[in-house]
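Sequential numbering from 12 applies to the sequence shown in the numbering used here. Even for Gly, the Cβ is constructed at its ideal location relative to N, Cα and C. Note that the structure is a prediction, hence the values are computed from the model and not measured. Down below is the structure, laid out as structure tokens.
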Amino acid sequence: MRWWFLLLLGALLPGVAAQAAETRDPYSYFFEQTLGDLTEDLEIAREQGKKAILIMFEMDECPFCHRMKNTVLNRPDVQDFYKANFYSLPIDIEGDIEIADFQGNHTTMKAFAAKNRVRATPVFAFFDLEGRPIKRARYTGATRDAEEFLLLGQYVASGAYQKTSFTRYKRQFRRN
12 MRWWFLLLLG ALLPGVAAQA AETRDPYSYF FEQTLGDLTE DLEIAREQGK
62 KAILIMFEMD ECPFCHRMKN TVLNRPDVQD FYKANFYSLP IDIEGDIEIA
112 DFQGNHTTMK AFAAKNRVRA TPVFAFFDLE GRPIKRARYT GATRDAEEFL
162 LLGQYVASGA YQKTSFTRYK RQFRRN
């Protein structure tokens, strides 16, 4: 019996090690570095040919925010797709750090979140390259998995949000 267990363990360990090696820090690979001036971030996003700005409204104590960062936003495939299409930034909904909003008005992270009616976390809100919220492209809570989060990105990047809701868009890709 022991040899069978050792054989199984030996077969599983390389897969577990490879899976652990396939994650990267979201703050280094998913989110952009910012100085807190969203007008400057918009300019950079335009220069880089991004399709939109993605803001993850989060807070330290949020278990769903941590789940997203530890199971979805740390994946290279997610990071690469979002990096290619969006300029992604984190905003702490309880943060007193001063920022400039998309119109250049000085505010705090907390006040910016309140202005955008963020009451729960995480909220993934997409803004067009003029700094206007994309109404149908807002997702509250953790996605089911990385595939759903990638689908959300594809929904915005493709412009499908202009024609349909995310729920209807997802139905096209639902597995039978």
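Should G106 be labelled buried (16 or more other beta-carbon atoms within 10 Å of its own) or exposed? buried
Following the continuous alpha helix (DSSP H) through A148, name the residue where it begins and the one where it ends. That residue, A148, is in no alpha helix (DSSP H); its beta strand (DSSP E) goes P144 to T151.
Does DSSP put V89 in a helix, in a strand, or in coil? helix
So, under 8 Å CB-CB, C76 and P37 are touching, yes? Tell me the CB distance rounded to an integer number of Å. At roughly 10 Å, the Cβ-Cβ gap does not stay under 8 Å, so C76 and P37 are not in contact.
Name the residue from S99, A95 and T82 whose alpha carbon lies nearest to the alpha carbon of F68. S99
So what does DSSP say about P37, is it helix, strand or coil? helix
Could you check the C-alpha separation between F97 and L140 for me, to the nearest Å? 10 Å
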